[in-house]
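Residue numbers (the working numbering): 486 to 746. Backbone N, C-alpha and C fix where the C-beta goes; we use that ideal spot for every residue, glycine too. Nothing here was measured: the structure is a model prediction, and the numbers come from that model.
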Ligand code: FPP
């Protein structure tokens, strides 16, 4: 299969373009420090890289792109860096949403929004509302998000449900928790990308990444673009996704039946 647009490399036709790609955008600080710039310059360039990645994702035909912009643990950073990031999120929401909307992109924000200022919460509500009906790619930005928070939140919501509480033996199942997880209406990510050289999940979408293919690159996030995204997808396309089954079983089946989500 060849990827649409700029790539010319041929890869075997194994399975389709990932429907849902999740990215940890890491390496902004190191990108800036290596150029003797303040760390926040890396975040500023990180926003440009995100813009390019959204454009490339739409061009490639990805249906959902989820990016980790601020973890529950990022509050521990120096106060001026946190303030810069909050101001950057607010500015990005105010300036970028028009373009997202024009391109039919649906913007979602996941995470514990209670931690944010009222102007930021309002900008989030307004942007999400404005793009809610769009039928193009779903762009989700995870802010003040943590995978453990997401699972706990879902478990607590499931427990609040009458059916679970009142049944003789209250027992949660995967199916009773799943509807309350972030992005439960989307297919779970097919491909996870982390930039910046670290090889860990860092509390991102712990439940949803159970069967996701992982791709790590040393490229720092501000240098990420459609070329690196295509490289990640080409790596994904030649992998065998077995979902616990054997290669032999897969060979005798049509691909859609192996999906668990
Ligand atoms: C991780 O790099 C990056 C962040 C914590 C912030 C991510 C923010 C952006 C990409 C800006 C644009 C995003 C939006 C949604 C407006 P790091 O600072 O941990 O880098 P380091 O590991 O080199 O220190």
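Out of 520, 712 and 733, which one is the CA nearest neighbour of residue 538? 712
May I ask you to list the residues that DSSP assigns as paired with residue 698? 676
Just how far apart, CA to CA, sit residue 586 and residue 578? 11 angstroms
Would residue 702 pass as a contact of residue 729 if the rule is Cβ separation under 9 angstroms? no
Report the three-state DSSP secondary structure of residue 470 (helix, strand or coil). Residue 470 lies beyond the residue range present for the chain, which begins at 486 and ends at 746; the question has no answer from this structure.
Nearest to residue 523 (by Cα), restricted to the options 599, 734, 596 and 566: 566
Inter-residue CB distance, residue 694 and residue 664 (contact presumed, cutoff 8 angstroms): The Cβ separation is near 18 angstroms, so there is no contact.
Quick one, which of 735, 635 and 534 has its alpha-carbon nearest residue 680's? 534
How is the beta strand (DSSP E) around residue 593 delimited, first residue to last? 591-595
Does DSSP put residue 626 in a helix, a strand or coil? strand
Sequence-distant residues of the same chain with beta carbon closer than 6 angstroms to residue 737, five excluded per side: none
Completely contained alpha helix (DSSP H) runs for the stretch 516-598, where each covers 4 or more residues: 524-545 and 564-587
Classify residue 563: buried if its beta carbon has 16 or more other beta carbons within 10 angstroms, exposed otherwise. exposed
If you draw a straight line from the C-alpha of residue 684 to the C-alpha of residue 510, how long is it? 12 angstroms
Enclosing alpha helix (DSSP H) for residue 502 [first to last residue]: Counting along the chain, residue 502 falls outside any alpha helix (DSSP H), and DSSP gives it neither H nor E.
Of the residues 672, 727, 698 and 710, which one's Cα is nearest the Cα of residue 721? 698
Measure how close the beta-carbons of residue 634 and residue 557 come, nearest whole angstrom, since I'm counting them as under 8 angstroms. 6 angstroms
Is residue 677 near the ligand FPP, with its Cβ less than 8 angstroms from a heavy atom? no
Closest to residue 669 by C-alpha separation, out of 656, 646, 636 and 644, would be which residue? 636
Can you tell me where the alpha helix (DSSP H) with residue 663 in it begins and where it stops? Taken as a continuous stretch (DSSP letters only), residue 663 belongs to no alpha helix (DSSP H), as it is neither H nor E.
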